[in-house]
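> Structure in structure tokens, see below.
Chains as they are written, first to last, in this note's numbering: chain R, 163 to 486; chain E, 2 to 292.
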């Protein structure tokens, strides 16, 4: 039997993704370690968020330092929808995601139209302004005392599979956004907007599409994060270090690569758990030093490093570095 | 009438600080085509330097301006030589330089946090609360002094850029670095000097800002955004354009206090930025900043 796959899907990649997901989905049936179970849940949310950040920061080359704005908005809108309107959890997540994506369009559409670093600088302002508004907007966020979500027994346990599905969807979308003809168009926009438009790529619409997808996915991540902790608070949800963490995940794993940010998210969660948790007053500086070192010595992060190792080990193989 | 005059004077006085702040960012962008995301970090560093010299050694902040500027100038050159210089130029280096300088900013914030804790600090001098009557309005003496220093800095800068060999070389490199190499300008040196100059301007602005506002290690993030708004509004390379843009931003911010709650004033600069980007993408004065 031959599956009707689009030509840009490599069967090997599809099998690898499905096998990994199956193994991870069955994992909790084999072990009963709650700590690992919860750590993995948070890692999945981190992976989905890092990949969504990478659609903008990597595929389009528009680095965002303020994605926490959409994370928080998605989280609070979903919480509000669940509490006040009695929406089922997954619908509330999607609703939060759509609102977050639209919010990203509102400020991102005008700033993305211009080339260069306008967008990146604007994101710093958006992140900060949204955090301030979020802290004072009692109706939506509950102000600085935050919002509590309805608790269900076992919800935290079952969220593992929801988060896994979220990460899998993000991974598949990352693959599609790079390997399909859409991915080629995005690459063209990244290297030269004018030339891309000249050959018939509708840059404006595609940039907006990626912006919306990225914002919506981050919003869903925020919503699932809210359901997981069942209590959210604006200072944490909209926090600046949250935005930086995705930048760092992308940079560690390899900006613009398909799976790099997922790898970066795993490393980051471990790093945070074992190293940064013991030195809470040093974490910003550690993030900064990591950023500087990676950018100076291996701009493509771990993906670049592994490509380099692979090339040295097997010079006879032609290893494609098309991700650059 | 009195209230109106007071607000106008407040805007003008604030605009001086904004212009100094923005010019450092615009200068580096205009010559190196790099956005110095560490601009905010240097503003914060300048603020702490002035505060530390005043509280530990009792040095008046206006006396410490020159030494702080000199040290920041050298620090900027070191940062260029040690870090920025190693990145590829052009589009590929754009994202990398953003991330690199952002990393430097995070490190500086953390260092400030470790040295001085995260608490808000204020730089209080004997004349901090003194006021004088100017054109029928009560004006803080310190604010006038900040304005005077900012104005002097801008005038010196203008003379430096238009009348000296160094200034002409800087402007030439901004226009076409390749041709500059041909006529014997050492482009790398100009880059390093420009980066130092922009960094020093940030530190001066930070020190001046510290005499007006409370600050903590994350001071500078809002200032970076304001600088950027001014650069976009006023275009690159013109001191007059920068001054007018700074005046517009300051006036919008000051008058916004009349209409919106105080916590929203942080968003005013950003809304102005988006409006300008949508309505006049080339900046108000027709010089395209980017693209």
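All residues carry an ideal CB built from backbone N, CA and C; glycine is no exception.
Hey, is residue 193 (chain E)'s beta-carbon within less than 8 Å of any beta-carbon in chain R?
No, no contact with chain R.
> Between E:188, E:201, E:194, which has its C-alpha nearest residue 67 (chain E)'s C-alpha?
If we check each option's Cα against that of residue 67 (chain E), E:201 comes out closest.
> Over the uninterrupted alpha helix (DSSP H) stretch that includes residue 138 (chain E), give me the two end residues.
Residue 138 (chain E) -> not in any alpha helix (DSSP H); beta strand (DSSP E) instead, spanning 138-141.
> Flag this pair as touching only if the segment 368-375 of chain R and the segment 307-321 of chain R have three or more C-beta atom pairs under 8 Å; answer yes or no.
Touching, no, given that fewer than three Cβ pairs across the two stretches are closer than 8 Å.
> For residue 483 (chain R), name the three-state secondary structure that DSSP assigns.
At residue 483 (chain R), the pLDDT of 47 sits below 50, so the modelled position is not reliable; the number obtained from the coordinates is stated separately. Residue state, collapsed to three classes: coil.
> Is there at least one Cβ from chain E nearer than 8 Å to residue 443 (chain R)'s Cβ?
Judged by the 8 Å Cβ criterion, residue 443 (chain R) is in contact with chain E.
> Could you compute how far the alpha carbon of residue 200 (chain R) sits from the alpha carbon of residue 178 (chain R)?
Computed Cα separation, rounded: 24 Å.
> Check each residue of the segment 223-240 of chain R: if its Cβ is closer than 8 Å to any Cβ of chain E, include it; give the result in chain order.
Answer set for the segment 223-240 of chain R: 223, 225, 227.
> Which of the three DSSP states is assigned to residue 292 (chain E) in this structure?
With a pLDDT of 32 at residue 292 (chain E), under the threshold of 50, the modelled position of that residue is not reliable, and no figure is offered here.
> On the CB-based measure, 16 or more other CB atoms within 10 Å of its CB, does residue 443 (chain R) come out buried or exposed?
That one is exposed.
> Going along the chain, which unbroken runs of the alpha helix (DSSP H) with 4 or more residues stay wholly within the segment 433-457 of chain R?
For the segment 433-457 of chain R, not a single whole alpha helix (DSSP H) run of length 4 or above is found.
> Looking only at its chain, what residues have a beta carbon closer than 8 Å to the beta carbon of residue 243 (chain R), apart from the 5 residues adjacent to it on each side?
Contacts found: 249, 253, 254, 257, 258.
> In chain order, what residues of the same chain lie with their CB nearer than 6 Å to the CB of residue 212 (chain E), ignoring the 5 residues before and after it?
If we look at residue 212 (chain E) and ignore the five residues flanking it on each side, its Cβ neighbours are 62, 124, 143.
> Taking residue 133 (chain E) as the reference, give the member of E:145, E:90, E:232, E:122 with the closest Cα.
Closest by alpha carbon: E:145.
> Could you tell me if residue 459 (chain R) is buried or exposed, where buried requires 16 or more neighbouring beta carbons within 10 angstroms of its beta carbon?
So residue 459 (chain R) ends up on the exposed side.
> So if DSSP puts residue 309 (chain R) in a beta bridge, which residue, or which two residues, is it bridged to?
DSSP output for residue 309 (chain R) lists R:394 as bridge partner(s).
> Could one say the Cβ of residue 464 (chain R) lies closer than 8 Å to chain E's Cβ atoms, at least one of them?
It does not: the Cβ of residue 464 (chain R) has no partner Cβ on chain E nearer than 8 Å.
> In chain R, what lies closer than 9 Å to residue 271 (chain E) by C-beta?
Chain R residues near residue 271 (chain E): 269, 284, 287, 288, 290, 291.
> Less than 8 Å separating the beta-carbons of residue 246 (chain E) and residue 231 (chain E)?
Yes; because the gap between Cβ atoms is below 8 Å, this pair is in contact.
> Rounded to the nearest angstrom, what separates residue 170 (chain E) and residue 336 (chain R) at their Cα positions?
For residue 170 (chain E) and residue 336 (chain R), the distance between alpha carbons rounds to 46 Å.
> Quick check on this structure: which residue in R:475, R:169, R:406 has the alpha carbon closest to the alpha carbon of residue 289 (chain R)?
Checking every option, the nearest Cα to that of residue 289 (chain R) belongs to R:406.
> Suppose you measure from the CA of residue 410 (chain R) to the CA of residue 224 (chain R); what does that come to, to the nearest Å?
Cα-Cα distance, rounded: 15 Å.
> Count the other CB atoms, across all protein chains shown, that sit within 10 Å of the CB of residue 408 (chain R); report buried if there are 16 or more and exposed otherwise.
Looking at its Cβ environment, which holds 16 or more other Cβ atoms inside 10 Å, residue 408 (chain R) is buried.
> Taking Cβ positions only, does residue 223 (chain E) come closer than 8 Å to chain R?
Yes, residue 223 (chain E) lies at the interface with chain R (some Cβ there is under 8 Å from its Cβ).
> Over what stretch of residues does the alpha helix (DSSP H) that includes residue 286 (chain R) continue unbroken?
Note, residue 286 (chain R): alpha helix (DSSP H), 280-298.
> For residue 212 (chain R), which option in R:331, R:365, R:287 has the closest C-alpha, if you only look at C-alpha atoms?
For residue 212 (chain R), the nearest C-alpha among the options comes from R:331.
> What is the DSSP secondary structure of residue 20 (chain E), reduced to helix, strand or coil?
Residue 20 (chain E) falls in the helix class under three-state DSSP.
> Which residues in chain R sit within 7 Å of residue 87 (chain E), going by Cβ to Cβ distance?
Within 7 Å Cβ-Cβ: 458.
> Closer than 8 Å is the cut-off here; do at least three beta carbon pairs connect the segment 202-219 of chain R with the segment 383-392 of chain R?
They touch, by the three-pair rule.
> Nearest-angstrom Cα distance between residue 261 (chain R) and residue 247 (chain R)?
Straight-line Cα distance between these residues: approximately 15 Å.
> CB residue 117 (chain E) to CB residue 166 (chain E), shorter than 8 Å?
No, the Cβ-Cβ distance between residue 117 (chain E) and residue 166 (chain E) is not below 8 Å.
> Of all the options E:80, E:255, E:98, which has the alpha carbon lying nearest to the alpha carbon of residue 88 (chain E)?
It is E:98.
> Any beta-carbon of chain R closer than 8 Å to the one on residue 188 (chain E)?
Chain R, which has no Cβ nearer than 8 Å to the Cβ of residue 188 (chain E), makes this no.
> Is residue 291 (chain E) close to chain R? Criterion is C-beta to C-beta, closer than 8 Å.
Residue placement at residue 291 (chain E) cannot be trusted, given a pLDDT of 38 that sits under 50; what the coordinates show is reported in the next sentence. Chain R contact via Cβ: present.
> Just by C-beta distance, which residues in the segment 385-418 of chain R are closer than 8 Å to chain E?
The residues in question are 402, 406, 409, 413, 417.
> Which value, in whole angstroms, describes the spacing of the CA atoms of residue 216 (chain R) and residue 294 (chain R)?
So the alpha carbons of these two residues sit roughly 26 Å apart.
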